[in-house]
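Chains as they are written, first to last, in our numbering: chain X, 110 to 415; chain S, 64 to 266; chain G, 18 to 141.
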């Protein structure tokens with residue numbers, strides 16, 4: 110601390126400032142009994158300085174993470190260093206309601222804390238000072254930023270209309286799967302296509318076409334693992350079916366088709382191609398080409414399909 | 064505004080010696096906390112151009128994944144920032160030494176990072192301050208990243224400074240795979256103030 | 018014949034600090050070395066009846082110097098002057114044969130106290 114000498118008047122001012130400052134100030138003794146409690150602490154906890162005086166902090170706040178807090182404080186006592194904690198470690202030390210309950214978008218106050226050793230005249234540390242900073246705004250901002258960042262990154266991976274993976278992402282998923290799958294596992298790639306989708310768009314309008322795509326995407330997602338489904342282009346979809354037999358895949362397909370016809374869109378039909386992962390398939394394209402061949406085969410009127 | 068900012072060989076030597084004393088104090092406290100011996104290196108003192116700071120930090124991590132925390136400090140017109148960069152391979156050993164039980168989650172690593180940062184940064188800054196008769200205030204620490212590449216620690220763009228006085232301390236624990244780098248970075252304006260104080264000591 | 022005192026530290030600033038901290042009326046010939054290797058050479062040349070030795074130095078650190086002094090049984094009374102104030106560092110240098118340990122930054126009082134305590138500062 111600096112060696113400045115204060116006049117008596119200044120001390121009164123300082124005391125007023127410490128009382129009114131928008132930072133929590135608590136002084137604790139070695140037994141964690143409260144020695145000082147400023148009005149920030151009073152206002153946010155509802156516990157007056159008179160009530161807090163000499164009380165065990167852990168009695169006043171039974172929810173306080175006791176072991177954690179003691180460990181931080183013991184470093185301050187034993188090593189005579191001040192220590193900092195940030196809301197990323199623990200959102201708060203004291204559960205106080207948010208200082209902006211209406212517009213603040215958090216029900217509680219995020220807190221950063223600073224714990225300072227208070228040396229007595231003989232150089233020993235028998236008291237520590239806790240400074241509590243309201244970090245709600247920066248925490249919310251940080252969380253928002255992270256969410257936006259994730260959204261943006263997700264958006265690049267997905268088809269905007271249906272929310273399924275887009276072609277590029279699905280291709281990468283397939284490639285990784287081919288490289289990492291155990292040999293001998295039974296895995297299928299299903300490709301679905303809305304028959305005469307351009308004609309559907311033409312007669313019902315593009316808005317209705319988009320609605321149909323969204324509906325089918327929802328049925329597809331409901332039928333299997335959503336993270337393994339994609340809209341490849343136009344009216345074409347794909348599903349990766351890890352460790353699923355042909356009949357399991359068939360029943361999944363039936364489910365999608367049933368949902369579609371039950372939704373009152375009897376005029377929309379899905380054709381399908383299904384390709385088993387075999388040793389000759391080395392890349393995502395190999396697998397997609399094979400599934401597409403079966404799909405196109407199934408669309409020929411004289412072919413019963415795979 | 065541009066500042067003619069350079070340090071002479073004598074000044075560099077003096078910064079190095081002040082750091083020596085300060086890092087020794089920090090090591091003493093870390094050794095006490097972890098019940099181990101900290102191997103002290105010769106600190107590196109140099110002026111670094113803005114364009115070279117990434118390279119300096121990259122040398123620290125040497126392509127391995129790192130976690131980093133930074134903390135600002137200020138006193139008597141001297142302003143700067145400390146960066147503590149941990150090799151992520153250090154955390155398992157560090158957790159053992161600090162008697163952390165349970166799985167080593169990101170959250171547990173964050174606790175370890177913050178605990179060591181409090182000791183190393185606080186003691187070192189105070190140690191240098193005491194020798195120069197500067198009372199440094201520290202701002203709250205900020206996490207720069209966990210499990211990232213050193214290149215990602217400093218985001219590019221809108222940095223307003225040209226060059227900085229950089230003091231680099233490479234801490235290593237004996238018989239444990241724990242390695243971290245403490246970088247003290249002073250702004251150009253600060254270096255002019257510091258140099259005056261240093262010259263006074265050199266007289 | 019006056020005593021030879023060797024100050025061994027890689028920092029010029031620290032060497033100056035150490036030289037300044039010595040009692041002004043003490044009649045010794047002061048020599049300097051800038052790392053452990055230079056230090057050992059100077060001791061072998063008889064310039065280090067008393068050595069003020071730093072620990073963290075390039076080329077050879079203070080621990081290395083102490084080891085060689087012990088191995089070769091060189092006639093040097095070593096006082097370690099270091100910022101490495103870990104109890105383990107102090108213990109190690111004393112085990113290696115150092116006479117005393119002075120915490121950096123050194124000053125006149127610290128120096129005089131240790132030199133008197135070990136009876137090095139006589140005849141003043």
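Where a beta carbon is used, it is the ideal one built from N, C-alpha and C, also for glycine.
C-beta neighbour in chain X for residue i, strict 8 Å
i, result
"residue 260 (chain S)", "no"
"residue 245 (chain S)", "no"
"residue 177 (chain S)", "yes"
"residue 135 (chain S)", "no"
"residue 99 (chain S)", "no"
"residue 185 (chain S)", "yes"
"residue 96 (chain S)", "yes"
"residue 181 (chain S)", "yes"
"residue 102 (chain S)", "no"
"residue 92 (chain S)", "yes"
Cβ neighbour criterion (16 or more within 10 Å) applied to residue i
i, result
"residue 181 (chain X)", "buried"
"residue 198 (chain X)", "buried"
"residue 101 (chain X)", "The requested residue 101 (chain X) is not part of the displayed model; chain X covers only 110 to 415."
"residue 196 (chain X)", "buried"
"residue 403 (chain X)", "buried"
"residue 216 (chain S)", "buried"
"residue 110 (chain X)", "Reliability fails at residue 110 (chain X), whose pLDDT of 45 lies under 50, so the model's placement of it is uncertain and the value that follows must be treated cautiously. Result: exposed."
"residue 277 (chain X)", "exposed"
"residue 76 (chain S)", "buried"
"residue 126 (chain X)", "exposed"
"residue 155 (chain S)", "exposed"
"residue 33 (chain G)", "buried"
"residue 203 (chain X)", "buried"
"residue 65 (chain S)", "Because the pLDDT at residue 65 (chain S) is just 46, under 50, the model does not fix this residue reliably, and the value given afterwards should be weighed accordingly. Flag for residue 65 (chain S) reads exposed."
Below-8 Å beta-carbon distance, residue i vs any chain S residue
i, result
"residue 359 (chain X)", "no"
"residue 101 (chain G)", "yes"
"residue 291 (chain X)", "no"
"residue 228 (chain X)", "no"
"residue 197 (chain X)", "yes"
"residue 221 (chain X)", "yes"
"residue 73 (chain G)", "yes"
"residue 111 (chain X)", "Summary for residue 111 (chain X): the model assigns pLDDT 46, below 50, so the residue's position carries little reliability; its value from the coordinates is reported in the next sentence. Yes, because at least one Cβ of chain S sits closer than 8 Å to the Cβ of residue 111 (chain X)."
"residue 55 (chain G)", "no"
"residue 105 (chain G)", "yes"
Residue i - containing beta strand (DSSP E), residue span
i, result
"residue 222 (chain X)", "220–228"
"residue 150 (chain S)", "141–150"
"residue 192 (chain X)", "192–194"
"residue 342 (chain X)", "338–342"
"residue 298 (chain X)", "297–303"
"residue 235 (chain X)", "234–243"
"residue 345 (chain X)", "345–350"
"residue 209 (chain S)", "205–211"
Start-to-end residues for the alpha helix (DSSP H) that takes in residue i
i, result
"residue 408 (chain X)", "393–408"
"residue 74 (chain G)", "Neither: residue 74 (chain G) is in no alpha helix (DSSP H) and is coded neither H nor E."
"residue 240 (chain S)", "Neither: residue 240 (chain S) is in no alpha helix (DSSP H) and is coded neither H nor E."
"residue 121 (chain X)", "117–129"
"residue 90 (chain G)", "Looking at the DSSP string, residue 90 (chain G) is not in any alpha helix (DSSP H), and its letter there is neither H nor E."
"residue 120 (chain G)", "It is not in any alpha helix (DSSP H) - residue 120 (chain G) instead sits in the beta strand (DSSP E) that spans 117–120."
"residue 211 (chain X)", "Segment: none, residue 211 (chain X) is in no alpha helix (DSSP H) and carries neither H nor E."
"residue 175 (chain X)", "175–188"
"residue 107 (chain G)", "104–112"
Residue i at chain G interface by Cβ criterion, 8 Å
i, result
"residue 172 (chain S)", "no"
"residue 83 (chain S)", "yes"
"residue 151 (chain S)", "no"
"residue 115 (chain S)", "no"
"residue 265 (chain S)", "yes"
Chain A contact for residue i (CB, 8 Å cutoff)
i, result
"residue 129 (chain G)", "Given the protein chain composition of this structure (X, S and G), no chain A is represented."
Evaluate the contact criterion for the stretch 369–383 of chain X versus the stretch 297–306 of chain X: three or more CB pairs, one atom per stretch, below 8 Å.
-> yes
Would you check if there are 3 or more beta carbon pairs closer than 8 Å linking the stretch 44–54 of chain G to the stretch 89–97 of chain G?
-> no
Is there contact here, the stretch 125–137 of chain S with the stretch 192–208 of chain S, by at least three beta-carbon pairs under 8 Å?
-> yes
Taking a Cβ distance cut-off of 9 Å, strictly less, list which residues of the stretch 178–194 of chain X are near chain S, in chain order.
-> 180, 181, 184, 185, 187, 188, 189, 190, 191, 192, 193, 194
Just checking, does the stretch 161–177 of chain X make contact with the stretch 216–224 of chain X on the three C-beta pairs under 8 Å criterion?
-> no
Members of the stretch 18–32 of chain G that neighbour chain S once the beta carbon cut-off is set at 9 Å | 26, 27, 28, 29, 30, 31
Can at least three beta-carbon pairs, one atom from the stretch 342–350 of chain X and one from the stretch 313–332 of chain X, be found at a separation below 8 Å?
-> yes
Got a sec: which bits of the stretch 188–220 of chain S sit with their beta carbon under 7 Å from any beta carbon on chain X, in order along the chain?
-> 198, 203, 204, 206
Under 7 Å (Cβ pairs) to chain S, residues found in the stretch 118–133 of chain G = 121, 122
Quick one: any contact between the stretch 163–174 of chain S and the stretch 22–40 of chain G, if contact means 3 or more CB pairs under 8 Å?
-> no
Answer yes if the stretch 185–192 of chain X comes into contact with the stretch 277–290 of chain X, meaning at least three C-beta pairs across the two stretches below 8 Å, and no otherwise.
-> no
Taking one C-beta from the stretch 99–106 of chain G and one from the stretch 124–140 of chain G each time, how about it: are there three or more such pairs within less than 8 Å?
-> no
Pair every Cβ in the stretch 132–141 of chain S with every Cβ in the stretch 251–264 of chain S, then say whether three or more of these pairs are closer than 8 Å.
-> yes
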